[in-house]
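S.K.:
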Amino acid sequence: MDTGEGAHSCTPRLELAFRRIESRHLSFLLVTNPKNIYYLTGFRGSAGVLLVAAEKSCLWVDPRYTLQAHIQATGAEVIEERHGLLRAAAAWLKKSKRPRIRKLPRVGFEEGNLPYAAFVQLRRATQGRVRFTAAGELLEDLRAIKDSREIECIRQAGEISCVAFEEIRNLIKPGVREADLANELEYRMRQKGAEGPAFETIVASGPRGAWPHARASLNPLEAGQFVIFDFGAIVRGYSADVTRTLYVGRPNRRARSLYKAVLGAQEAALEALRVGFQGSEPDRAARRFLEQVRLGRFFTHSTGHGVGLDVHEPPRLAKNEKRRLTAGNVVTVEPGIYIESFGGIRIEDTVLIGERGPEVLTPASKKDWVVGGS
Ligand code: ZN
Ligand code: ZN
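Just so we're aligned: 206 in our numbering is position 206 of the sequence shown, and the numbers increase by one with no gaps anywhere.
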């Protein structure tokens, strides 16, 4: 099915992707990750196969998605296929001619998004006419640098998340169940225009806070404990990721110094979020800060990760990350400490790295961390 010439004009992202593909000496890239298909073409179905090629890219969809693809996809020819999308792509590849190149055309594939059985089927169907090469994070590396429209989506997601959180603040008190707070937070994010939560909202109070990825349980909050809220909204496919830790009741000196330490570590990491710095530098800054106050051994994960169409994507802020930060990267900064049978404290922001420094996109207060203390 053809949508007319206009729809085929290559989009800047497809063009950039193709240049990367060529620099890797590939003739085609077979895209099976729906998020990458959305990124390159605007088609947001849950299934589809995109073949990025020099002259014309093709997007195969099944009949559930034909209408949607014709409306959403730009830069690729939409082809309806009823008998297997990969099989159709294989048939297309088998026929593809590379007259000036004697060697077999090389086809990149997304090894993280193609089941082994599907790969075997694909290889069989192309009957040795092409060579397949794992493409690695070729498209994820492109996605790591956000354009202004993507940044706007994440900014909105951050704002929605934080406004919703400020709204439920007065509900946070002893006796209220974690799950009810998680529900309320997700409901309010949707009410403000979120497509949904970016991940299952974490509300973890008391000792359960020592599990960095605890789910919200039916436990009621108790006075004299920290409670971690880790949440985020999705706007047009883009996520925000934010964590605030509150203390229920009146914090003693130990609680105050622990909270201050994590906040200090987060601020130190934010300071090290500069264009040209390696991804290991913010991590080292946070870790060093906590080590100086003898809390280093309680910081058990890395400092942050890229956020965008996926909640976890490149670049990483971690000990061994050598890649350098670039303007347009959006990352989380989330040091935390986790103490068995006591609880946890984590403070996380989603942050845009700009030429002139970092910009926090999740404005919820970090200073108002005590609730229900009377
Ligand atoms: Zn988070
Ligand atoms: Zn995170």
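Here a beta-carbon is modelled for each residue, glycine too, at the ideal position from N, C-alpha and C.
Please read all numbers here as calculations on a predicted model, not as lab measurements.
Just checking my contact of residue 236 with residue 162 at CB under 8 Å: how many whole Å lie between their CB atoms?
M.R.: Not really, about 18 Å apart at Cβ, beyond 8 Å.
S.K.: Kindly indicate the opening and closing residues of the beta strand (DSSP E) around residue 77.
M.R.: Taken as a continuous stretch (DSSP letters only), the beta strand (DSSP E) holding residue 77 covers 76-80.
S.K.: In whole angstroms, what is the alpha-carbon distance linking residue 145 and residue 250?
M.R.: When rounded, the distance between both Cα atoms is 43 Å.
S.K.: Answer yes if the segment 267-285 comes into contact with the segment 232-248, meaning at least three C-beta pairs across the two stretches below 8 Å, and no otherwise.
M.R.: These segments do not touch.
S.K.: DSSP on residue 350, reduced to helix/strand/coil?
M.R.: In this structure, residue 350 counts as strand in the three-state DSSP scheme.
S.K.: Ordered along the chain, which non-local residues of its own chain (more than five positions away) have a Cβ less than 7 Å from that of residue 295?
M.R.: Once the five neighbours on either side are set aside, the close Cβ partners of residue 295 are 261 and 337.
S.K.: Can you tell me which of the three DSSP states residue 359 falls into?
M.R.: Residue 359 falls in the strand class under three-state DSSP.
S.K.: For residue 305 versus residue 332, is the C-beta distance shorter than 8 Å?
M.R.: Yes. Within cutoff.
S.K.: DSSP on residue 283, reduced to helix/strand/coil?
M.R.: Correct three-state label for residue 283: helix.
S.K.: Cutting at 8 Å between CB atoms, please list the residues of its own chain near residue 174, excluding the five before and the five after it.
M.R.: So the qualifying residues of the chain are 220, 221, 222, 223, 248, 249 and 372.
S.K.: Suppose you measure from the CA of residue 150 to the CA of residue 252; what does that come to, to the nearest Å?
M.R.: Computed Cα separation, rounded: 43 Å.
S.K.: Using the beta-carbon count (16 or more within 10 Å), is residue 110 buried or exposed?
M.R.: Per the 10 Å Cβ criterion, buried.
S.K.: Any heavy atom of ligand 2 closer than 7 Å to the beta-carbon of residue 301?
M.R.: No; taking the cut-off as 7 Å, the Cβ of residue 301 has no heavy atom of ligand 2 nearer than that.
S.K.: Between the alpha carbons of residue 231 and residue 131, how many angstroms are there, rounded?
M.R.: Computed Cα separation, rounded: 43 Å.
S.K.: For residue 321, tell me which candidate among 302, 93 and 104 has the shortest Cα-Cα distance.
M.R.: That would be 302, whose Cα lies nearest to the Cα of residue 321.
S.K.: Where does residue 171 land, buried or exposed, given buried means 16+ other C-beta within 10 angstroms?
M.R.: Result: exposed.
S.K.: Bridge partners for residue 375 per DSSP, in chain order?
M.R.: As displayed, the chain neither begins before 1 nor continues past 374, which places residue 375 out of reach and without an answer.
S.K.: Using a threshold of 7 Å, is the CB atom of residue 283 nearer than that to any non-hydrogen atom of ligand 1?
M.R.: No; taking the cut-off as 7 Å, the Cβ of residue 283 has no heavy atom of ligand 1 nearer than that.
S.K.: Between which two residues does the beta strand (DSSP E) containing residue 247 stretch?
M.R.: Looking at the DSSP string, the run of the beta strand (DSSP E) that includes residue 247 is 242-248.
S.K.: For residue 427, which three-state DSSP category applies?
M.R.: Since the first and last residues shown for the chain are 1 and 374, residue 427 lies out of range.
S.K.: Just to confirm, is the Cβ distance from residue 278 to residue 335 under 8 Å?
M.R.: No, they are not a contact pair.
S.K.: Quick check: what's the CA-CA separation for residue 192 versus residue 155?
M.R.: Taking the straight line from one Cα to the other gives about 14 Å.
S.K.: What is the rounded straight-line gap between the Cα of residue 45 and the Cα of residue 36?
M.R.: Cα to Cα, the separation comes out at about 11 Å.
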